[in-house]
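Protein sequence lines, in the order shown, are assigned to chains A and B.
The first sequence begins at 1 in my numbering and counts up one residue at a time.
The second sequence begins at 1001 in my numbering and counts up one residue at a time.
See structure below.
Protein chains: 2
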Amino acid sequence: MGQMPETTIIPLGTASAIPTRERHPSATALLRKGRVLLFDCGEGTQLRFLQAGLKITRIDAVFITHLHGDHYFGLPGLVSTLSMINRADPLTIVGPAGIAEAIATMPGINLDRSTLPVEFIELHETVDRQVVYETDEVFVEARPIEHRTFAAGYRFVERSKPGHLDVERARELGVTDYEDYRALKSGRSIQVDGQTVTPHMVVGPDRPGRSFAYITDTRPCENGRILARSADLVYHEATFTDEHADNAVRTGHSTAREAAEVALHAEAKRLLIGHFSARHADPSLLFEEATDVFKNTEVAEELKRYSL
Amino acid sequence: MGQMPETTIIPLGTASAIPTRERHPSATALLRKGRVLLFDCGEGTQLRFLQAGLKITRIDAVFITHLHGDHYFGLPGLVSTLSMINRADPLTIVGPAGIAEAIATMPGINLDRSTLPVEFIELHETVDRQVVYETDEVFVEARPIEHRTFAAGYRFVERSKPGHLDVERARELGVTDYEDYRALKSGRSIQVDGQTVTPHMVVGPDRPGRSFAYITDTRPCENGRILARSADLVYHEATFTDEHADNAVRTGHSTAREAAEVALHAEAKRLLIGHFSARHADPSLLFEEATDVFKNTEVAEELKRYSL
C-alpha cells in the first residue's frame, strides 16, 4: 500500500504529419498497474500496441490533442477492434469538440449496436483548465495550447500519498494499534493514555504523486509551461531545428530549443522530445539544440520504456 | 513495345477484421511500370508502403471492396499524406456509395483546400458490372459479391496485344516496309506488287493480357467465379477452415476450401488465399484444405512479390 506503483511511458509514434519508415504517427501509452492511458492515437496505433507487447483491451482512456489526422486516424480502428472483441470495460475518449461525431458516423462503426461502452468527453475552444479523467489514485487535466487548430495539452497526475509513519516514534508515544496508525496516516489525531498524538508528531510530509505532461502540437506557450510544471517527465513536440524556426512559427509548432525552454522554465525533471519533421531522419541536431538549454533531454525512442 | 511489362502483386495486409502481430489490415498493391493500383486500404497501409519500399505517390487508383473498417480505415491517412506533400497527379478512389462523404467529411481532411485532385467513383448496390478504371493498356472492372454489407470484387485486366509478326514470312511475300508491318499488326491488309497480303498470313494470334482478381469479403459466389475466370492470379479471402464453415456462412465469408473451389471452377491459373481469422496464426490447415481442391494455391505472404 505504501509503495507507489510503477508508471511507464511508452512512445508508440513520434513522427510529425508525414510518417517515415522509422517514425509512426503520434501516440504515447502510459502504463500503470496493468492499465493503459493513451495520449493521441495516430494511424496504426492498434498495430503498435501489438508490436510493443501491449493490449488495447487494457486502455481505460484515450486523450486526443487535436483533430489533425496524424493524431487521431487510428481511433476508428481501435474502437472497431475493441467493439468486435466485445470488450465490456468502459472506454473514455477525450478530445476536441467534433470527435464524437467524427468517430461515431464513420461507416463500419456502429457504436449503437456495439456492447462497448464509450464515453466521449469533448473539449470546447473556450476551455481554460478541465479535469477530464479521474480515479481515486490519478487524474488527467487538459489545457488549451497554441496550434493552427484548437489543441489541448494533457497532464497526468498521481494524487499525493500520506507521508511515511515513523512506527518507532509512534511506539515511544504509546501508539501500538493498527487502527490508530491508519487514523494518524489519514490525518486524524488520536488519544493514547490521555495524551493527544497528532499526525505531524509521527507522520512525514505528504509524498507527492508523479506527473507526466503530454504537449503537442503547439508553439511554446504559457499553458505548456503550466502543464509541465515540476513534472517528472514531459513529452513536448520538437518538430524543427533552429534553422527552420520560421517554419515552426508559421505552422504552429516548436523547435527543439523551444521545447527545452518550456521544460527549463517549468522546472521539469526530464524532457522527451518527439514529433520530428520527416526531414530529420537523424535527430542528433534536435537533441543538441535542446540539451543546449535543458540537459535532461532525451530523444523519444519508439517502443522504449521510460519510468516516471 | 512487343514485350508485356512486368506486373507484380504485393499483399500488404492479409488479416481479417482483427489484426495480429504478423498480419495487417487488408491491402494489396499491384505494381506495373512503376505505377501502383491499390486494392483495399486498411489501417496502416501508408506505413506498409514504406515497409515494402513502395511510394504512395505512385498510386493512380484505390479500389475499396466495402466499408468495413479493416478494408478502408487507412484511406484518410493516405489521402492526407498525399495532400500534404502536394501531389499533383489525379487519384481515383473507387468504392461503395458513401465512401466520398466518409473520407471528405473527416476533420483533418480538407479536399477543398487541397491541390490533390481526387475523383471518387461510387458503386451502387444495383450495379451488375462496371468498368471503374481504364487506360490505353489496362482496365479494372467491379462486380458485386456476397457479404453482410454491399461489397465489390475487382478484376484487373491488361488489354490484349496483337500477335507477333512473322518477319521472315512477310519478307518472302515481298513486305519490307516498316509502315506495312505496322498496318498488318494493327489488322489491315496491304498491297505488295499487285498481291494482297492479309494479317492472318503473317501475324500470329492476339496475345491476351494478364489478369488479376481481388475477391474479398464474400461467400463463394457466381460473380467471384466470373471475376476469377482464367485469371493469372486470384486473391480470394479464406477466413475460415472447414471446422468453422458455419461461421463463414453466418458472417458472409469463405472457407479456404470454398476459395479453392472458386479458383477451380473459374479455371484460374494461381490462387492466393488470405484474410485469415486471427485464430489461424498458423495457416497450414487453411493451405491444406485449399490445395485439396486446387493445387496451385499459395498462402498470401505480406510484402512478398508475386509476378503475374
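C-beta: ideal position from N, C-alpha, C; glycine also.
Remember, predicted model here, so these are calculated numbers, not experimental data.
#### Entry: First and last residue of the uninterrupted alpha helix (DSSP H) at G1108 of chain B
Along the second sequence, one-based indexing puts residue 1108 of chain B at 108. Taken as a continuous stretch (DSSP letters only), G1108 of chain B belongs to no alpha helix (DSSP H), as it is neither H nor E.
### Query
So, does the CB of I1109 of chain B fall closer than 8 Å to a CB anywhere in chain A?
Within the second sequence, residue 1109 of chain B is the residue found at index 109, counting from 1. Yes, its Cβ sits closer than 8 Å to a Cβ of chain A.
### For A1142 of chain B, the nearest candidate out of B:L1082, B:D1136, B:T1008, B:R1129 (CA to CA)
In the second sequence, counting from the first residue as 1, residue 1142 of chain B sits at position 142. Comparing Cα positions, the closest option is B:R1129.
#### Entry: Any chain B beta carbon closer than 8 Å to R250 of chain A
Along the first sequence, read from residue 1 onward, the residue named residue 250 of chain A stands at position 250. So, not an interface residue.
### Message
Taking the alpha carbon of T1135 of chain B as the reference point, which residue from B:L1078, B:H1164, B:E1158 has its own alpha carbon closest?
### Response
Position 135 of the second sequence, counting from 1, holds the residue named residue 1135 of chain B. If we check each option's Cα against that of T1135 of chain B, B:E1158 comes out closest.
### chain A contacts made by the region 1056-1071 of chain B, where a contact means CB separation under 7 Å
Residues of the region 1056-1071 of chain B whose Cβ lies closer than 7 Å to any Cβ of chain A, in chain order: L1067, H1068, G1069.
### Task
With a cut-off of 8 Å on the beta carbons, I'd call G1274 of chain B and P1011 of chain B a contact; round off their distance for me.
The sequence position of residue 1274 of chain B within the second sequence is 274, counting from 1. The sequence position of residue 1011 of chain B within the second sequence is 11, counting from 1. For G1274 of chain B against P1011 of chain B, the beta-carbon gap comes to about 6 Å, under 8 Å, which counts as contact.
### Task
Taking only runs that begin and end inside the region 1040-1078 of chain B, name each unbroken beta strand (DSSP E) of 3 or more residues, in chain order.
1059-1063
### Message
Taking a contact to mean a Cβ-Cβ separation below 8 Å, would you say L1067 of chain B touches A1102 of chain B in this structure?
### Response
In the second sequence, the residue the question calls residue 1067 of chain B occupies position 67. In the second sequence, the residue the question calls residue 1102 of chain B occupies position 102. Going by C-beta atoms, L1067 of chain B is nearer than 8 Å to A1102 of chain B.
### Message
Give me the subset of the region 1013-1031 of chain B whose CB atoms are less than 8 Å from a CB atom of chain A, sorted by chain position.
### Response
Those residues of the region 1013-1031 of chain B that come within reach of chain A (Cβ to Cβ, closer than 8 Å) are A1017, I1018, P1019, T1020, R1021, H1024, P1025.
### Message
Please classify N1086 of chain B as buried or exposed, where buried requires at least 16 other C-beta atoms within 10 Å of its C-beta.
### Response
Along the second sequence, read from residue 1 onward, the residue named residue 1086 of chain B stands at position 86. Exposed, because fewer than 16 other Cβ atoms sit within 10 Å of the Cβ of N1086 of chain B.
#### Entry: Close Cβ partners of I145 of chain A (< 7 Å) along its chain, the five nearest in sequence each way excluded
Translated into positions along the first sequence, residue 145 of chain A becomes position 145. Within the same chain, I145 of chain A has close Cβ partners A151, A152, G153, I215, T218, C221, N223, G224.
### Query
For a contact meaning CB atoms closer than 7 Å, what does M1084 of chain B contact in chain A?
The sequence position of residue 1084 of chain B within the second sequence is 84, counting from 1. Those are A17, I18, listed as they occur along chain A.
#### Entry: Partners in chain A for F1311 of chain B, counting only beta-carbon separations shorter than 8 Å
Any property of residue 1311 of chain B remains undetermined from this structure, which presents chain B solely from 1001 to 1308.
### Query
Which same chain residues, not among the five before or five after S1189 of chain B, have their C-beta less than 6 Å away from its C-beta?
Taking the first residue of the second sequence as 1, we reach residue 1189 of chain B at position 189. Only T1196, T1198 meet the Cβ criterion.
### Query
Comparing alpha-carbon positions, which option in B:G1069, B:V1138, B:H1124, B:V1299 lies nearest D1060 of chain B?
The sequence position of residue 1060 of chain B within the second sequence is 60, counting from 1. Looking at the Cα atoms, B:V1138 is the closest of the given residues.
#### Entry: Where the alpha helix (DSSP H) through E141 of chain A begins and ends
Residue 141 of chain A sits at position 141 when you count from the first residue of the first sequence. It is not in any alpha helix (DSSP H) - E141 of chain A instead sits in the beta strand (DSSP E) that spans 138-146.
### Message
To the nearest angstrom, how far is the alpha carbon of E1119 of chain B from that of L1091 of chain B?
### Response
Along the second sequence, one-based indexing puts residue 1119 of chain B at 119. Along the second sequence, one-based indexing puts residue 1091 of chain B at 91. Rounded to the nearest whole angstrom, the CA to CA distance from E1119 of chain B to L1091 of chain B is 6 Å.
### Task
Tell me whether the beta-carbon of F76 of chain A lies closer than 8 Å to the beta-carbon of R32 of chain A.
Counted from its first residue, the first sequence places residue 76 of chain A at position 76. Counted from its first residue, the first sequence places residue 32 of chain A at position 32. Residue identity check: residue 76 of chain A is Pro in the sequence provided, not Phe. Not a contact, by the Cβ cut-off of 8 Å.
### Task
Provide the residue span of the beta strand (DSSP E) that contains P199 of chain A, from first to last.
Along the first sequence, one-based indexing puts residue 199 of chain A at 199. Note, P199 of chain A: premise wrong, no beta strand (DSSP E); alpha helix (DSSP H) at 199-202.
### Message
At the 8 Å Cβ level, is G1098 of chain B part of the contact set with chain A, yes or no?
### Response
The residue labelled residue 1098 of chain B in the question sits at position 98 within the second sequence. Closer than 8 Å: yes.
### Query
Assuming A97 of chain A contacts E122 of chain A under a Cβ cut-off of 8 Å, what Cβ separation, rounded to an integer in Å, is found between them?
Sequence index remark: in the first sequence, residue 97 of chain A carries index 97 (1-based). Sequence index remark: in the first sequence, residue 122 of chain A carries index 122 (1-based). The C-beta separation of A97 of chain A from E122 of chain A comes to about 4 Å, placing the pair in contact by the 8 Å criterion.
### Query
Can you give the beta carbon distance from A300 of chain A to T20 of chain A, rounded, assuming they're within the 8 Å contact cut?
Working through the first sequence from its first residue, we reach residue 300 of chain A at position 300. Working through the first sequence from its first residue, we reach residue 20 of chain A at position 20. With 8 Å as the limit, A300 of chain A and T20 of chain A do not qualify as a contact, their Cβ atoms being about 14 Å apart.
### Query
Looking at the C-beta of M1 of chain A, does it have a partner C-beta in chain B at a distance below 8 Å?
Within the first sequence, numbered from 1, the residue matching residue 1 of chain A stands at position 1. Per-residue confidence for M1 of chain A stands at a pLDDT of 43, beneath the threshold of 50, marking its modelled position as unreliable; no derived number is given.
### Query
Where does Y1178 of chain B land, buried or exposed, given buried means 16+ other C-beta within 10 angstroms?
As a first step, residue 1178 of chain B is located in the second sequence; it is residue number 178 there, counting from the start. Under this definition Y1178 of chain B is an exposed residue.
### Task
For the alpha helix (DSSP H) holding F1287 of chain B, just list the boundary residues, first then last.
Indexing the second sequence from 1 puts residue 1287 of chain B at position 287. Taken as a continuous stretch (DSSP letters only), the alpha helix (DSSP H) holding F1287 of chain B covers 1284-1291.
### Task
Tell me, to the nearest whole angstrom, how far the beta carbon of S211 of chain A is from that of R250 of chain A; I am working on the premise that it is less than 8 Å.
On the first sequence, position 211 is the one that residue 211 of chain A refers to. On the first sequence, position 250 is the one that residue 250 of chain A refers to. Incorrect: roughly 32 Å between the Cβ atoms, too far for contact.
#### Entry: Inside the region 1007-1035 of chain B only - beta strand (DSSP E) runs reaching at least 3 residues
1007-1013, 1027-1032
### Query
How long is the line joining the alpha carbons of Y72 of chain A and Y306 of chain A, rounded to whole angstroms?
Sequence index remark: in the first sequence, residue 72 of chain A carries index 72 (1-based). Sequence index remark: in the first sequence, residue 306 of chain A carries index 306 (1-based). Roughly 23 Å between the two C-alpha positions.
### Query
What's the C-alpha gap between L116 of chain A and M84 of chain A?
Indexing the first sequence from 1 puts residue 116 of chain A at position 116. Indexing the first sequence from 1 puts residue 84 of chain A at position 84. Going from the Cα of L116 of chain A to the Cα of M84 of chain A covers about 9 Å.
### Task
State the start and end residues of the unbroken alpha helix (DSSP H) segment that holds V1249 of chain B.
As a position in the second sequence, residue 1249 of chain B is number 249, starting the count at 1. From DSSP, the alpha helix (DSSP H) with V1249 of chain B extends over 1245-1251.
### Task
Count the other CB atoms, across all protein chains shown, that sit within 10 Å of the CB of L285 of chain A; report buried if there are 16 or more and exposed otherwise.
On the first sequence, residue 285 of chain A is found 285 positions in, with the first residue counted as 1. Counting of Cβ neighbours within 10 angstroms places L285 of chain A among the exposed residues, the total staying below 16.
### Query
Around the C-beta of V1167 of chain B, are 16 or more other C-beta atoms found within 10 angstroms, so that it is buried, or is it exposed?
The residue you call residue 1167 of chain B lines up with position 167 of the second sequence. The residue in question, V1167 of chain B, is exposed, as its Cβ has fewer than 16 Cβ neighbours within 10 Å.
### Task
Express the C-alpha separation of V1202 of chain B and S1186 of chain B in angstroms, rounding to a whole number.
Indexing the second sequence from 1 puts residue 1186 of chain B at position 186. Indexing the second sequence from 1 puts residue 1202 of chain B at position 202. Rounded to the nearest angstrom, the two C-alpha atoms are 12 Å apart.
#### Entry: Same chain, Cβ closer than 6 Å to P999 of chain B, five either side skipped, listed in chain order
Outside the displayed span of chain B (1001 to 1308) sits residue 999 of chain B, for which this structure offers no information.
#### Entry: Top-ranked residue by Cα proximity to R1148 of chain B, from B:G1252, B:G1194, B:E1298, B:A1281
Translated into the one-based positions of the second sequence, residue 1148 of chain B becomes position 148. Minimum Cα distance to R1148 of chain B is reached at B:G1252.
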